[in-house]
């Protein structure tokens, strides 16, 4: 039984974020499924691990955490000398931090709404809201224009190397690129190349194999 | 010893004294005892949506911090940078010496970003910003978000029953990040959402009594004369 436990399911973008990070570090972990269909995540004992009732919850020995981006930062720091270095230091870390916040506050709210409408609602047999899709495709286009400019001067979002600033995008990007939203990426060559690059990482491919098994 | 700024210059913070995101950074600067110059940005003429401001923050938002040749944006990246760079002076806001403590600061900072901020900011926007554009607050938006805010603060109430502050028994960035929107929220007709939760109320009274916050709150006159 591994010391590290992730409570969640691969369908969850937040759980995927954490698993991708563990894979980048080459860390073993147990994925403990949470039956979201029956509301397991909204009851005890799950709530003791994640009080807002969201997956994933995470355990590393006695340390119990929630919020995927706090978990990835913890993993990147605690296992800094293993696998891919996912952070930086000094001035470079300040820039990585900026683009982690961009993912969280500029990109994710829009990308998640689109992923929900275009990828997840159909999966659950729910009706897509075209107005929400149109509004958020327009917003995402504007965000991607800024990413295009950034990626014209920097190989990855946080700087010259792959970091958490890029990794945090993978789960939503993966959903969006399998929907009509992929049309937003095609006219933006730097963004497209960046997406293709980060999708090709072995750690991400390992996650996709896991997701596609389930 | 206090670290010198790059190129020996004082930090420049581009923003406004009543802006919630600018004040988030200013509270942090005061907690750390770091000198800075506040450079006003004229939002009314759209200064933030054009060069040269857009060269500093392509998302066209305040604040932006300049430290010599380093330019950064996103208030929570700025506070993190300041807390790390000046870790040896002022209030310890991130507890780098303890893995467990600094990780809990990260967890509850993410809670502020992803659970608290998305539900409180539409309420603040409806109450303070819409009237500036001659519109009435949309009560449906307010009500929807008040309901969500109650649920979030119920979790805070339970948490603050176990620890004095959000990340532990110490004030940290996790608490600090809440302060600007909470300050404005307490001026709305719905402040009872906080007052009805004894631990949350006590926590707010404690953190809002800090000197660093009081200095910044003097400039937070949104829509008042």
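Protein chains in written order, with full-length UniProt numbering: chain D, 1 to 214; chain E, 1 to 225. Backbone N, C-alpha and C fix where the C-beta goes; we use that ideal spot for every residue, glycine too.
**Residue nearest to residue 101 (chain D) in terms of C-alpha spacing, selected from D:121, D:123, D:64, D:163** = Locating residue 101 (chain D) in the first chain gives position 101, counting from the first residue. Closest in alpha carbon position to residue 101 (chain D), among D:121, D:123, D:64, D:163, is D:163.
**Prompt:** Whose C-alpha, out of E:66, E:99, E:90, E:60, is nearest the C-alpha of residue 77 (chain D)?
**Reply:** Against the first chain, residue 77 (chain D) aligns to sequence position 77. Of E:66, E:99, E:90, E:60, the residue nearest in Cα terms is E:99.
**Asked** Thinking C-alpha only, which one of E:195, E:73, E:211 is nearest residue 204 (chain E)?
**Response** Position 204 of the second chain, counted from the first residue, corresponds to residue 204 (chain E). Checked all of E:195, E:73, E:211; the closest Cα to residue 204 (chain E) is E:195.
**Message:** Run through chain D and tell me which residues come within less than 8 Å of residue 86 (chain E), C-beta to C-beta.
**Reply:** Taking the first residue of the second chain as position 1, residue 86 (chain E) is located at position 86. The premise fails here: residue 86 (chain E) is roughly 13 Å from chain D at the closest Cβ pair, so nothing lies under 8 Å.
**Message:** Suppose only complete runs of 4+ residues qualify. What are the alpha helix (DSSP H) ranges in the UniProt domain "GST C-terminal" (89-214) of chain D, listed by chain order?
**Reply:** 90-102, 108-115, 130-153, 164-167, 170-176, 189-199, 202-213
**Item:** Outcome for residue 213 (chain E) when other beta-carbon atoms lying within 10 angstroms are tallied against a minimum of 16
**Value:** Here residue 213 (chain E) refers to the residue found at position 213 when the second chain is read from its first residue. The residue in question, residue 213 (chain E), is buried, as its Cβ has 16 or more Cβ neighbours within 10 Å.
**Request:** Go through its chain and collect everything with a Cβ distance to residue 27 (chain D)'s Cβ below 8 Å, but skip five positions before and after it.
**Result:** Here residue 27 (chain D) corresponds to residue number 27 of the first chain, with the count starting at 1. So the list reads 4, 75, 79, 82, 83, once near-sequence residues are dropped.
**Prompt:** Are the stretch 11-24 of chain D and the stretch 162-182 of chain D in contact at 8 Å, needing three or more beta carbon pairs?
**Reply:** yes
**Message:** Taking the alpha-carbon of residue 10 (chain D) as reference, which of D:156, D:172, D:178, D:190 has the nearest alpha-carbon?
**Reply:** Counting from 1 along the first chain, the entry for residue 10 (chain D) is found at position 10. That would be D:172, whose Cα lies nearest to the Cα of residue 10 (chain D).
**Asked** Would the beta-carbon of residue 21 (chain E) fall within 8 Å of that of residue 63 (chain E)?
**Response** As a position in the second chain, residue 21 (chain E) is number 21, starting the count at 1. As a position in the second chain, residue 63 (chain E) is number 63, starting the count at 1. Yes; because the gap between Cβ atoms is below 8 Å, this pair is in contact.
**Request:** Hey, could you find the ends of the alpha helix (DSSP H) residue 41 (chain D) is sitting in?
**Result:** Along the first chain, read from residue 1 onward, the residue named residue 41 (chain D) stands at position 41. Under the DSSP assignment, residue 41 (chain D) falls outside any alpha helix (DSSP H); it carries neither an H nor an E label.
**Message:** Quick check: is the beta carbon of residue 74 (chain E) nearer than 8 Å to any beta carbon in chain D?
**Reply:** As a working mapping, residue 74 (chain E) is identified with position 74 in the second chain. So, interface residue.
**Message:** I'd like to know whether the C-beta of residue 166 (chain E) is nearer than 8 Å to at least one C-beta of chain D.
**Reply:** Sequence index remark: in the second chain, residue 166 (chain E) carries index 166 (1-based). It does not: the Cβ of residue 166 (chain E) has no partner Cβ on chain D nearer than 8 Å.
**Request:** Output the distance between the C-alpha atoms of residue 209 (chain D) and residue 179 (chain D), rounded to the nearest integer angstrom.
**Result:** Position 209 of the first chain, counted from the start, is the residue given in the question as residue 209 (chain D). Position 179 of the first chain, counted from the start, is the residue given in the question as residue 179 (chain D). In a straight line, the C-alpha of residue 209 (chain D) is about 20 Å away from that of residue 179 (chain D).
**Request:** Could you say which of E:220, E:125, E:59 lies nearest to residue 103 (chain D) if we only look at CA atoms?
**Result:** Here residue 103 (chain D) corresponds to residue number 103 of the first chain, with the count starting at 1. Checked all of E:220, E:125, E:59; the closest Cα to residue 103 (chain D) is E:59.
**Message:** What does the Cβ neighbour count give for residue 193 (chain D), buried or exposed, with the cut at 16 atoms within 10 Å?
**Reply:** If you number the first chain from 1, residue 193 (chain D) lands on position 193. The residue in question, residue 193 (chain D), is exposed, as its Cβ has fewer than 16 Cβ neighbours within 10 Å.
**Request:** Quick one: grab the DSSP three-state call for residue 63 (chain D).
**Result:** One-based indexing of the first chain puts residue 63 (chain D) at position 63. It is a strand residue.
**Asked** Span of the alpha helix (DSSP H) holding residue 214 (chain E)?
**Response** Residue numbering aside, residue 214 (chain E) sits at position 214 when the second chain is read from its first letter. Taken as a continuous stretch (DSSP letters only), the alpha helix (DSSP H) holding residue 214 (chain E) covers 211-217.
**Item:** Proximity test, Cβ basis, 8 Å: residue 78 (chain D) and chain E
**Value:** Here residue 78 (chain D) refers to the residue found at position 78 of the first chain. Chain E, which has a Cβ nearer than 8 Å to the Cβ of residue 78 (chain D), makes this yes.
**Request:** Report the three-state DSSP secondary structure of residue 62 (chain E) (helix, strand or coil).
**Result:** Locating residue 62 (chain E) in the second chain gives position 62, counting from the first residue. Three-state DSSP puts residue 62 (chain E) in coil, outside helix and strand.
**Item:** Neighbourhood of residue 204 (chain D) by C-beta distance below 6 Å, restricted to the same chain and skipping five residues each side
**Value:** Along the first chain, one-based indexing puts residue 204 (chain D) at 204. Taken in chain order, the residues that qualify are 20, 170.
**Request:** Count the other CB atoms, across all protein chains shown, that sit within 10 Å of the CB of residue 185 (chain D); report buried if there are 16 or more and exposed otherwise.
**Result:** On the first chain, position 185 is the one that residue 185 (chain D) refers to. Looking at its Cβ environment, which holds 16 or more other Cβ atoms inside 10 Å, residue 185 (chain D) is buried.
**Asked** Based on Cα-Cα distance, which residue from D:211, D:213, D:202 lies nearest to residue 24 (chain D)?
**Response** Locating residue 24 (chain D) in the first chain gives position 24, where the first residue counts as 1. Per the C-alpha coordinates, the member of D:211, D:213, D:202 positioned closest to residue 24 (chain D) is D:202.
**Asked** Counting only beta-carbon atoms, is residue 114 (chain E) nearer than 8 Å to chain D?
**Response** If you number the second chain from 1, residue 114 (chain E) lands on position 114. Judged by the 8 Å Cβ criterion, residue 114 (chain E) is in contact with chain D.
**Request:** Closer than 8 Å by beta-carbon distance: list the chain E residues that pair up with residue 102 (chain D), in chain order.
**Result:** Working through the first chain from its first residue, we reach residue 102 (chain D) at position 102. Those within 8 Å of residue 102 (chain D) in chain E are 59, 74.
**Message:** Quick check: does the Cβ of residue 101 (chain D) come within less than 7 Å of any heavy atom belonging to the ligand ATP?
**Reply:** Among the ligands in the structure shown, none appear at all, so the ligand ATP cannot be discussed.
**Message:** Here's a check: name, in chain order, each residue in its chain whose Cβ is nearer than 8 Å to the Cβ of residue 96 (chain E), leaving out the five neighbours to either side.
**Reply:** Residue numbering aside, residue 96 (chain E) sits at position 96 when the second chain is read from its first letter. Contacts found: 84, 87, 102.
**Asked** How many angstroms separate the CA atom of residue 70 (chain E) from the CA atom of residue 93 (chain D)?
**Response** On the second chain, position 70 is the one that residue 70 (chain E) refers to. On the first chain, position 93 is the one that residue 93 (chain D) refers to. Going by the C-alpha atoms only, they are around 11 Å apart.
**Item:** For residue 142 (chain E), the three-state DSSP class (helix, strand or coil)
**Value:** Start at 1 with the first residue of the second chain, and residue 142 (chain E) comes out as number 142. Helix.
**Message:** Suppose the cutoff is 6 Å on Cβ atoms and the five residues either side in sequence are ignored; what does the same chain contact list for residue 137 (chain E) look like?
**Reply:** Start at 1 with the first residue of the second chain, and residue 137 (chain E) comes out as number 137. Cβ neighbours of residue 137 (chain E) beyond the five flanking positions: 126, 127, 130.
**Item:** Pairwise C-alpha distance: residue 57 (chain E) and residue 149 (chain E)
**Value:** The residue given as residue 149 (chain E) occupies position 149 in the second chain. The residue given as residue 57 (chain E) occupies position 57 in the second chain. Using only the alpha carbons, I get a separation of about 30 Å.
**Asked** Under a three-way DSSP split, which group does residue 14 (chain E) fall into?
**Response** What you label residue 14 (chain E) is simply residue 14 of the second chain in a count that begins at 1. DSSP places residue 14 (chain E) in strand when its eight states are reduced to three.
**Start and end residues, alpha helix (DSSP H) containing residue 36 (chain E)** = Position 36 of the second chain, counting from 1, holds the residue named residue 36 (chain E). Taken as a continuous stretch (DSSP letters only), residue 36 (chain E) belongs to no alpha helix (DSSP H), being part of the beta strand (DSSP E) at 36-40.
**Request:** Compute the Euclidean distance between the alpha carbons of residue 52 (chain D) and residue 9 (chain E), then round it to the nearest angstrom.
**Result:** Counting from one through the first chain, the residue named residue 52 (chain D) turns up at place 52. Counting from one through the second chain, the residue named residue 9 (chain E) turns up at place 9. If you take the alpha carbons of residue 52 (chain D) and residue 9 (chain E), they lie about 43 Å apart.
**Request:** Using alpha carbons as the reference points, say which of E:94, E:218, E:139, E:90 lies closest to residue 169 (chain E).
**Result:** Here the question's residue 169 (chain E) lines up with position 169 in the second chain. The shortest C-alpha separation from residue 169 (chain E) is found at E:94.
**Beta-carbon proximity list for residue 2 (chain E), same chain, < 7 Å, skipping 5 on both sides** = The sequence position of residue 2 (chain E) within the second chain is 2, counting from 1. Residue placement at residue 2 (chain E) is flagged as unreliable, the pLDDT there being 48, under the threshold of 50; a coordinate-derived value is accordingly withheld.
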